[in-house]
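Protein chains in written order, with this note's numbering: chain A, 515 to 800; chain B, 515 to 800; chain C, 515 to 800.
Where is the CB? At the ideal position from N, CA and C, for every residue including glycine.
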Amino acid sequence: MKKILIQIDPDLQASVFDSVVAIDSGVDHLLCHGAVRPDQVQSLVHGGIFTRGPKDLHNTAIFVGGSNVSEGEALLKEVTKSFFGPMRVSVMLDANGCNTTAAAAVLRAGTHLGLSSVNALVLGGTGPVGQRVGLLLAKEGASVRLGSRSKERADSVCTAISEKVESGSLTGVAAGTTDEVTVAIDGCEIVISAGAAGVELLPEEIWSSADSLKVAIDLNAVPPEGIGGISVFAKGEEKHGVICYGAVGVGGTKMKIHKAAIAALFESNVKVLDAEAIYELGQNLG
Amino acid sequence: MKKILIQIDPDLQASVFDSVVAIDSGVDHLLCHGAVRPDQVQSLVHGGIFTRGPKDLHNTAIFVGGSNVSEGEALLKEVTKSFFGPMRVSVMLDANGCNTTAAAAVLRAGTHLGLSSVNALVLGGTGPVGQRVGLLLAKEGASVRLGSRSKERADSVCTAISEKVESGSLTGVAAGTTDEVTVAIDGCEIVISAGAAGVELLPEEIWSSADSLKVAIDLNAVPPEGIGGISVFAKGEEKHGVICYGAVGVGGTKMKIHKAAIAALFESNVKVLDAEAIYELGQNLG
Amino acid sequence: MKKILIQIDPDLQASVFDSVVAIDSGVDHLLCHGAVRPDQVQSLVHGGIFTRGPKDLHNTAIFVGGSNVSEGEALLKEVTKSFFGPMRVSVMLDANGCNTTAAAAVLRAGTHLGLSSVNALVLGGTGPVGQRVGLLLAKEGASVRLGSRSKERADSVCTAISEKVESGSLTGVAAGTTDEVTVAIDGCEIVISAGAAGVELLPEEIWSSADSLKVAIDLNAVPPEGIGGISVFAKGEEKHGVICYGAVGVGGTKMKIHKAAIAALFESNVKVLDAEAIYELGQNLG
């Protein structure tokens, strides 16, 4: 029985990136749907769950992608709402690469130091990738400082995420000015920057003189860097005594996780692959 | 040579249901086109008929689907108009499952009693599925009462359908009120309900006390039932001495017909699979 | 590794013609994108170039099609602009069959007489196919008269094309009236008509009495013929002592070139197949 992936994308043109990775992950037939609105999801999902018998439903799966994470999250919600008891298929969300990127960053950090008792600063922490990085770090037991220009926003995100976290902790911190980020990074072993493209969130002068810092990861792929002085291609190189990664440097791990996640969709028909499940999957890649 | 199915769909998102069934019927490549307007059909069809030699054209076919039967019928008309003598490909219409559903219902009824001399009531008889059920029953020799809230509309549909029928008969009947439907069902061995979702056309009190009734089929998949008291999952169970089917109960047969019809498209390049051809095909499935 | 073709098309419905030919050329997965606007191209291209490693990029390619050549040219420009050093894939432009048609016509002409010292008249010479025919003939060394209703327009097109030509020559000629075309064809061995559908550019009386004429090719597929008296099916037949081709007669060669060009896309990741490269490719088909 052929493996069918239903690619659901809110953008006018469904993501070619997501399509190519799906094919390279072993999908036989891709049903690409662009410009998908939430009210169209039910019919797409029903077409997926009412065509094959329950025993065969693990051969059909859904991927929610596109460039806009909150639109993707809205579509994922409609997808899971459209399931019908055992009549369901596995689904993965990776709009704008949010989950595979966050998982790859935290996994890379974890190869260099134990995460369970570490202090970590997440810049751009209230955005979709930043929230996921914060969640994954905290679940590993880290004490996470979630940075944002607005401490209030950071606090409210922390409150929301904390519900899912048992071991670590999440605290909102203001990180909009040079002074604030200098304070925020103090005592941290890890900094991960997940802010919007085109903004430097952490100048080189600051992180290069942060004594505790061991790993710095910048997830911004478009110049200027989110963390000053870290090349987009950096892949574990040391600079100022700190192990550095750029977006492309994390890309190999991200791609491996993405492909493994697509493949995992076809192992059963009940998976909902969001940040945590995708991170776990990445951990098992060894 | 690869089997290519051109899926033409007037809905904004081409039907995933139709895509999956096509793949499971052995199609190698699916060219999905959603939001198709009639004036776009010629170019799509020409792309199908002018690319492969006449001897290879049976490896290309067209499926017209979507949720709206009259829009589908309009597209089918444009498809057949776009053929060019021997330059043509086989085509199937099954918008909203109209043809495979009607064929499956009549086939299920026919497994329980001969249709050639039976009285049958079709509720929702002027709708796309109801018209097809009426046509198929009458072609088998049944005396069909086509029910509608408006007897006038029912009569005009009967006149149109009767042109295609030699053996049986079609008569319009009013079936909008409890009293009318009580009269309409009197003396019928079969009732098939094909009305719009969300409306009960035949209350349980009425059909349970119709002495002649042997088979009752409700094609409505969304609660409330079109025929009161018949579960959507009913699949030949007796209730009040009547053999009952619901939409899901007919679904297995419908799906078999759908797949066989897709496969049949690739046997030659001249088939036009509408209600009657699809019903015949279902009969031959044994 | 699967061969993926990203089909980019400005038309609302991506061309089925282009899709079928791609499949018949050995493409494993087709990513069809219709209604593509120039500002959407970069994201589509980046999805193609950032998903597979540099060594594997020859397994991904881009086809720009659709019915409108200038829209296709605009998309091709965006495609090549979106490449990133070695991160690129091969791309082919064949909007409205412009390149494969022009190449096929010139190749057919070349099988009957040497092109290097010939006089050739191109009617509809300022249109997308006409320009390409003129370019290819001139590059073979022919003295090309590019005909248009407006000599001024023809001259300016000739100036533009001449930059790419070393051996032959291009001269604009007025060819809007019977008198003008009588003068224009005088002394020519070849006439190729590539005008808009529905207009006769060269009446039979004129070409039948042009003593020098040896080959006449009409690329118009829709009646009336662009060259009076030449059937759309003509495939090298003599009429009035002239070897004649119609659009369908050239079609076999065109189709061979199209398929060879698609196959060639997957030989490396650096090809940009426009008129000249596609013509060369056709020459090598033997």
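Assign residue i to buried or exposed, taking buried as 16 or more other Cβ atoms, counted over all protein chains shown, within 10 Å of its Cβ.
i        : result
A:Asp608 : buried
C:His754 : exposed
A:His540 : The question names His, yet the displayed sequence has Gly at residue 540 of chain A. The residue in question, A:Gly540, is exposed, as its Cβ has fewer than 16 Cβ neighbours within 10 Å.
A:Arg674 : The sequence shown places Ala at residue 674 of chain A, rather than the Arg named in the question. The residue in question, A:Ala674, is exposed, as its Cβ has fewer than 16 Cβ neighbours within 10 Å.
C:Gly712 : exposed
C:Asp693 : exposed
A:Val736 : exposed
A:Arg646 : buried
C:Thr565 : buried
A:Leu649 : buried
A:Leu799 : exposed
C:Glu666 : exposed
C:Asp570 : exposed
Taking C-beta to C-beta, are residue i and residue j nearer than 8 Å?
i        : j        : result
C:Val636 : C:Ile706 : yes
A:Ser726 : A:Cys758 : no
B:Ala708 : B:Gly638 : yes
B:Gly690 : B:Leu651 : no
A:Gly641 : A:Leu660 : no
A:Lys773 : A:Asp538 : yes
A:Ile776 : A:Ala536 : yes
C:Ser596 : C:Gln556 : yes
B:Ile563 : B:Val603 : yes
B:Gly750 : B:Leu716 : no
A:Ala617 : A:Gly796 : yes
B:Asp669 : B:Gly580 : no
B:Gly740 : B:Glu719 : no
C:Gln554 : B:Leu558 : no
C:Lys474 : C:Leu627 : Past the edges of chain C, shown from 515 to 800, lies residue 474 of chain C, and the structure says nothing about it.
A:Ala619 : A:Val784 : no
C:Val756 : C:Ala778 : no
Using DSSP with H/G/I as helix, E/B as strand and the rest coil, what is residue i?
i        : result
B:Met606 : strand
B:Leu627 : coil
B:Gln521 : strand
C:Thr673 : helix
A:Ala689 : coil
B:Phe531 : helix
C:Thr574 : strand
C:Ala710 : coil
B:Ile741 : strand
A:Asn633 : strand
B:Cys546 : strand
A:Cys758 : strand
C:Ala724 : coil
B:Leu733 : coil
A:Val705 : strand
B:Val620 : helix
A:Val786 : strand
B:Met515 : coil
C:Leu716 : strand
A:Leu779 : helix
Tell me which residue opens and which closes the beta strand (DSSP E) that residue i is part of.
i        : result
B:Glu471 : What the structure shows of chain B is the stretch from 515 to 800, and residue 471 of chain B is not part of that stretch, so it cannot be assessed.
Quick check on the DSSP output: the alpha helix (DSSP H) that includes residue i runs from which residue to which?
i        : result
A:Arg659 : It is not in any alpha helix (DSSP H) - A:Arg659 instead sits in the beta strand (DSSP E) that spans 657-662.
C:Leu650 : 642-653
A:Asp553 : 552-563
C:Val583 : 583-595
B:Leu795 : 789-797
Using a beta-carbon distance cut-off of less than 7 Å, what residues from the region 521-536 of chain A approach chain C? Against chain C - using a Cβ distance shorter than 7 Å - the residues of the region 521-536 of chain A are Leu526, Gln527, Ser529, Val530, Phe531, Ser533, Val534, Val535.
Return the residues of the region 591-604 of chain B that lie within a Cβ-Cβ distance of less than 8 Å from chain C, sorted by chain order. Those residues of the region 591-604 of chain B that come within reach of chain C (Cβ to Cβ, closer than 8 Å) do not exist; the list is empty.
Where the region 778-789 of chain B meets chain C: residues whose CB sits under 8 Å from a CB there: Within the region 778-789 of chain B, contact with chain C at the beta-carbon level (separation under 8 Å) is assigned to no residue.
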